[in-house]
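The numbering of the first sequence is my numbering, which starts it at 208 and goes up by one.
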Amino acid sequence: MHHWNCKLYIYISEMKQASAFCLNTALRSYLKSGNPSLALNHYLEASHKHGVTPDKFTIPSLLKLFLHLRYPVKRGESLQSFSLKNGFLYDLFIATGLIEFYLKHAASDSAHKLFVEMPKRDVVLFTAMICGLSENGFRKAALDLFFEMKEERIEPTAMTIAAVFSIISQCKNIDLGRMLHGFCLRKGFLNKEDAVLQTSLMDMYGKCGNLVYANNVFDKITERNLVSWNSIINAYVSHGSLYLALKLFQEMIFQGWLRPKTSTFTSILNACGLTTDLLKGRELHAYITKCIDADYTEFDKLVLCNALIDMYFKTGDCDSAQTFFDEMQMKNVVTWTTMISGQGSHGLTRRALETFHRMIASGIKPDRVAFVAILTACNHGGLVKEGRQIFDSMENEFNVSPEMIHYVCMVDLYSRRGLLEEAHILIKDMPFEPSKEIWGALLSCCRSYRNVQLGEYAAKMALELDKFDAGTYVLLSRLYVESGRLEEFSKVRLAMQQLGLRPIRAFSWVEIKNKVYKFTVGERFNESSKEMYEFLESVSLKMEEAGIQRDVSNVGHDFSKREKVGALCGHTEKLALAFAMVKFGSMKNLRIGKNLRVCIDCHEVFKFVSLVYEKEIVLKDPNRYHRFIRGHCTCNDFW
DNA sequence: GTTCTTAAAA
208 MHHWNCKLYI YISEMKQASA FCLNTALRSY LKSGNPSLAL NHYLEASHKH
258 GVTPDKFTIP SLLKLFLHLR YPVKRGESLQ SFSLKNGFLY DLFIATGLIE
308 FYLKHAASDS AHKLFVEMPK RDVVLFTAMI CGLSENGFRK AALDLFFEMK
358 EERIEPTAMT IAAVFSIISQ CKNIDLGRML HGFCLRKGFL NKEDAVLQTS
408 LMDMYGKCGN LVYANNVFDK ITERNLVSWN SIINAYVSHG SLYLALKLFQ
458 EMIFQGWLRP KTSTFTSILN ACGLTTDLLK GRELHAYITK CIDADYTEFD
508 KLVLCNALID MYFKTGDCDS AQTFFDEMQM KNVVTWTTMI SGQGSHGLTR
558 RALETFHRMI ASGIKPDRVA FVAILTACNH GGLVKEGRQI FDSMENEFNV
608 SPEMIHYVCM VDLYSRRGLL EEAHILIKDM PFEPSKEIWG ALLSCCRSYR
658 NVQLGEYAAK MALELDKFDA GTYVLLSRLY VESGRLEEFS KVRLAMQQLG
708 LRPIRAFSWV EIKNKVYKFT VGERFNESSK EMYEFLESVS LKMEEAGIQR
758 DVSNVGHDFS KREKVGALCG HTEKLALAFA MVKFGSMKNL RIGKNLRVCI
808 DCHEVFKFVS LVYEKEIVLK DPNRYHRFIR GHCTCNDFW
């Protein structure tokens, strides 16, 4: 391609005379060859030599070039005034190009201004505007525009609908999605072999949480490309069907005959990390190493390395993550952030702080995500002073304005240490209105420290922001129960029921030899149930003999002490542990996961089992990893 | 000649 362009260049530069038409054609072919700076240089040289000025066919190509060369907004603006002077600003091709250029630079105002000035608008212009608006986060405006099209009687094309599906998958409006699906069927848009629309439709269903529909669409795509596969894999991952996602990845290679690329690998490494399956992770690592060739850019490789570090942390192999990190030549802010959050999630708080300071020393400026990572790490370690210092440095030293999420970290940091008043003061002093997550963080710790008064207030504020958040009711009711306020407890439960809200059901899983076993509360349907409960009882007995206190505050009030301990045996993480111990007692390492925070009593039991049965157990909850070795946990009993 | 789908870290 490049070679051919050289010939074209020689041809044009040797011409005695060249028309604007001729140069435009040359410019477009350069554009296709993917070397924008060369294209621009050659064009400028030739147009200068032949004394040719850009005409209305040149501008769109120039805009494309400027976009590729990451030229600033100003360059687009000068092309706009040039077009205005020459009387072709309202040409649809030029306006579309300008609007695309502006929206890629987040200059939505300039784009919008031009858009409303246009005397005539067509479907392409609308589509470009819809796309750009949604990329800039103006989903509502983009959807409004789509309906405005209808009023102006402009028919959407498959491209328009694909863009709208992408918006729908962000705002999760599945009803609108189904409606448009019907529209596509009526128009025959889905009969074409073009995979783009089908993929965007499938992606929409996946993102809206309907895996069945996503699958149906996927089955009908005839020409599946990398994006289609990636999309369906991500749908399985977000649904939690991790091993099926890994299976799809293999199908893609062996049945789809496609060579995976960086984005596929990052999705699949993410899936692998979520399974906490280290063996699978190592296998993937080896495979990826084999696949990397000259087609991969340096940036691709960096992205892959970052995803690999993340995978090693998530599968519990902190040493491999560290070694791999140390050996990396090129590191960006994501590399460091991945490292910090990985160390944080495994309770290596001091190491995370070290990494954070090494990052700064190496000349990389922390961004908003890096701050979330380090503040979260401080949370897990309960390092209030260090966390506060870093929080203050955000604005003062690094010019990063704290956002809601950083405040959530700080409120959490204070409250977890029982500094509830300090947390409350911070909330009062916030420069914007606190979100329900802020109140939720405070409420959750009011529960741990049994501060009914502040807890009630936090719950009230959270419910004002979202009356239908089941989590708030659950936390408040637990606060009441654990503080002995049974009447209030019943009231909250009743209020919940009347709103038709149900608490999230707890479940745990254990993954042994490539199979996942899932457990829900008090489950007794399993063939091994009897042995499992016997095991848990014997552990209880041994703990009693060892004089270990059980934390029963979690259980309902109208039980005897013995019954309470019995009820605790129904906790899902204990069931997963018991199952693994009964069925696979010889395994030295166990990996268990839970969808909610681990309870105090279960944590004690895990520690005890790791000591008495000489096991190493990794327990993953939604926030972090616990690693139990010889009666201790890496979280130091603070989580 | 202009518009479209997926995408690493919290």
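Positions of the beta carbon are idealized from the N, C-alpha and C atoms, including for glycine. Quick caveat, the model's predicted, so the values are computed rather than measured.
Item, Value
"Have a look at Leu590 and Leu661 and give me their C-alpha separation to the nearest angstrom.", "23 Å"
"Mapping DSSP to helix, strand and coil, what is Tyr832?", "strand"
"Measuring alpha carbon to alpha carbon, tell me which residue in Ala568, Ile567, Leu321 and Ser548 is nearest Ala559.", "Ser548"
"So, for Leu332: in the same chain, excluding its five sequence neighbours on each side, which residues have a beta-carbon less than 8 Å away from its beta-carbon?", "Leu299, Ala302, Thr303, Ile306, Phe322 and Met325"
"Give the secondary structure of Glu741 by DSSP, where H, G and I count as helix, E and B as strand, and everything else as coil.", "helix"
"Once you ignore the five residues that flank Leu230 on each side, which residues in its own chain have a CB closer than 8 Å to its CB?", "Ile219, Tyr250, Ala253, Ser254, His257, Val259 and Thr265"
"Report yes if the C-beta distance between Val607 and Ile571 is below 8 Å; otherwise report no.", "no"
"Leaving out five residues on either side along the sequence, give the residues of the same chain with a beta carbon under 8 Å from the beta carbon of Cys391.", "Ala365, Ile368, Leu397, Leu404 and Leu408"
"Does the count of Cβ pairs from the stretch 473 to 489 and the stretch 511 to 524 closer than 8 Å reach three?", "yes"
"Could you tell me whether the Cβ atoms of Gly554 and Asn830 are closer together than 8 Å?", "no"
"Could you say if the stretch 375 to 390 and the stretch 411 to 419 meet the contact criterion of at least three C-beta pairs nearer than 8 Å?", "yes"
"Residues in the same chain with beta-carbon distance under 7 Å from Leu491, minus the five sequence neighbours each way, listed in chain order, please.", "Ile475, Leu476 and Cys479"
"I think Ala666 touches Leu693, with their Cβ atoms under 8 Å apart; what is that distance to the nearest whole Å?", "About 17 Å; that fails the 8 Å criterion."
"Skipping 5 residues on each side, what residues in its chain have a beta carbon closer than 6 Å to that of Ala314?", "Val280"
"Since Leu797 contacts Ala787 with CB under 8 Å, what's their CB separation in whole angstroms?", "5 Å"
"Based on DSSP bridge pairs, tell me the residues matched to His839.", "Ile836"
"Give the DSSP-derived three-state secondary structure of Trp646 in the structure shown.", "helix"
"Among the residues of its own chain, which have a CB less than 7 Å from the CB of Gly800, if the five just before and after it don't count?", "Thr483, Ser715, Trp716 and Lys827"
"Three-state secondary structure (DSSP) at Val723?", "strand"
"Classify Arg685: buried if its beta carbon has 16 or more other beta carbons within 10 angstroms, exposed otherwise.", "buried"
"Kindly list the residues whose CB is nearer than 6 Å to the CB of Val371, restricted to its own chain and excluding five residues on each side of it in sequence; keep chain order.", "Phe353"
"Would you list, in sequence order, the uninterrupted alpha helix (DSSP H) runs of no fewer than 4 residues that lie entirely inside the stretch 343 to 424?", "346 to 358, 365 to 378, 381 to 394 and 402 to 414"
"Pick out whichever of Phe228, Leu272 and Ala227 has its Cα sitting closest to the Cα of Tyr849.", "The structure shown has nothing for residue 849, since the chain only spans 208 to 846."
"By how many angstroms is the C-alpha of Leu784 removed from the C-alpha of Ser747?", "14 Å"
"What's the gap between the Cα of Leu433 and the Cα of His446?", "20 Å"
"According to DSSP, is Trp846 helix, strand or coil?", "coil"
"Can you tell me whether DSSP reads Met208 as helix, strand or coil?", "The predicted position of Met208 is uncertain, since its pLDDT is 44 and thus under 50; a value taken from the coordinates is nonetheless stated next. Note: Met208 maps to coil in three-state DSSP."
"For Met827, which beta-bridge partners are listed by DSSP?", "A quick correction: the sequence has Lys, not Met, at residue 827. DSSP lists Gly800 and Tyr832 as partners of Lys827."
"Going straight from the alpha carbon of Lys152 to that of Ser745, what length do you get?", "This structure does not reach residue 152, given that the chain is present from 208 up to 846, and the question cannot be answered."
"Is the beta carbon of Phe456 less than 8 Å from the beta carbon of Ile440?", "yes"
"Can you tell which of Pro261, Ala318, Leu276 and His275 has its C-alpha closest to the C-alpha of Ser290?", "Pro261"
"Looking only at its chain, what residues have a beta carbon closer than 8 Å to the beta carbon of His388, apart from the 5 residues adjacent to it on each side?", "Leu408"
"Does Ser735 come out as helix, strand or coil in the three-state DSSP assignment?", "coil"
"Expressed to the nearest angstrom, what Euclidean distance is found between the alpha-carbon atoms of Pro609 and Tyr820?", "46 Å"
"So Ile645 packs on Tyr621, CB below 8 Å; how close in whole Å?", "That belief does not hold up - the Cβ atoms of Ile645 and Tyr621 are roughly 12 Å apart, past 8 Å."
"Starting from Phe714, follow its DSSP beta bridges and name the residues at the other end.", "Thr727"
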